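With the first letter of the sequence shown counted as 1, position 54 gets the number 54 in UniProt numbering; the numbers rise by one all the way through. Just so you know, even glycine gets a beta-carbon here, dropped at the ideal spot from N, CA and C. Being a predicted model, the structure only gives us computed values, none of them experimental. Everything on this sheet refers to the single structure shown next.
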Amino acid sequence: MTMRWLILPLAALAEVGWATGLKLASSPLEWLATVIVAAMSLLLAVRAVRFLPASTVYTVFVGLGAAGTVVADAWLFGTRFSWPSLACIGLILVGVIGLHQFSGKPAAPASVSRTDASREGVSS
């Protein structure tokens with residue numbers, strides 16, 4: 001896993017943090033912390049889009065965030081955890097791993113050389 005891919009689990013972890021914060025926050029300071037973690041989550045996802053395809057980033061970010069929130073709900077708040085929900089989380093994780101394995105690099109923007117531009121009548 002490259003360093004670029006490590007940004008996504010951090011963004012998803014922050015996503016789980018602010019989603020959990022929505023349930024726990026009761027004071028202005030706790031709400032502020034929740035907002036800060038939400039902003040951090042979004043900023044990390046935006047950072048990942050600089051290096052990875054946007055569709056992959058969004059899918060992995062939302063998938064890991066959703067799976068993590070389900071696990072956090074069960075662990076922290078005693079929400080029922082059923083076999084079907086476990087199977088669905090497993091499918092999300094299989095999809096995330098698949099995207100990591102098979103997603104290509106984003107296409108580099110085409111560069112136009114000075115010679116090519118002058119041939120086509122483009123001035124600089």
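In the DSSP assignment, leucine 8 falls within the unbroken alpha helix (DSSP H) covering 3-24. Here leucine 52 carries a coil assignment [DSSP, helix/strand/coil]. Straight across, the Cα-Cα distance linking leucine 29 with phenylalanine 102 is about 42 Å. Phenylalanine 81: not part of any alpha helix (DSSP H); DSSP gives it neither H nor E. Within the model, the alpha-carbon separation for leucine 99 versus tryptophan 31 is close to 34 Å. Secondary structure of serine 41 (DSSP, three-state): helix.
Valine 16 is a Cβ neighbour of glycine 65, given a cutoff of 8 Å.
Inter-residue distance for alanine 45 and alanine 25 is about 23 Å (C-alpha atoms, whole angstroms).
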